[in-house]
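Structure first, then comments.
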Amino acid sequence: MSGKPEYTPWLIPGFAMVNLVVFTVLWAGGTIGVALAGYGWQSPPFTLSVYFALLSGSADEVWPGVPPLATYGGAVALIPLVVAPVAMLAPW
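For the sequence shown, the residue numbers in the numbering used here are 1 to 92.
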């Protein structure tokens, strides 16, 4: 033991948290983008199958008949709302 803190055990929970944040941004941003594009509020289930479909670029499977630009555009627009609080908490 060198007296340095061991961060290796935190890799798995950290990876899980990053994936949860990415999925939440894609899910919420996509739903908001679809609603703002005029296709109504079409909230998909919050499941891993939806996450994998969005990561693979299959937004048309999650929101059929909606242009992917509306889906991913909403997610991109939501990113600053997530990054800003994280950036403010980072110095802590």
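Just so you know, even glycine gets a beta-carbon here, dropped at the ideal spot from N, CA and C.
From a predicted model like this one, the values you see are computed outputs, not experimental measurements.
Spatial distance of residue i from residue j (CA atoms)
i     : j     : result
Trp95 : Lys4  : Here the chain covers residues 1 to 92 and nothing more, so residue 95 does not appear.
Thr8  : Pro91 : 21 Å
Val50 : Val62 : 7 Å
Thr47 : Glu6  : 32 Å
Ile12 : Val83 : 21 Å
Pro64 : Ser43 : 12 Å
Local conformation of residue i per DSSP, three classes
i     : result
Pro9  : helix
Gly3  : coil
Ala28 : helix
Buried versus exposed, by CB contacts within 10 Å (16 or more), residue i
i     : result
Leu78 : buried
Trp10 : exposed
Val66 : buried
Leu54 : buried
Leu20 : exposed
Leu89 : exposed
Ala59 : buried
Closer than 8 Å is the cut-off here; do at least three beta carbon pairs connect the region 55 to 74 with the region 30 to 43? With a cut-off of 8 Å, the region 30 to 43 and the region 55 to 74 count as touching, because enough Cβ pairs lie within range.
Can you list, in chain order, the stretches of the alpha helix (DSSP H) that have 4 or more residues and sit fully within the region 35 to 85? Taking only runs of at least 4 residues, the alpha helix (DSSP H) segments lying wholly in the region 35 to 85 are 48 to 55 and 59 to 62.
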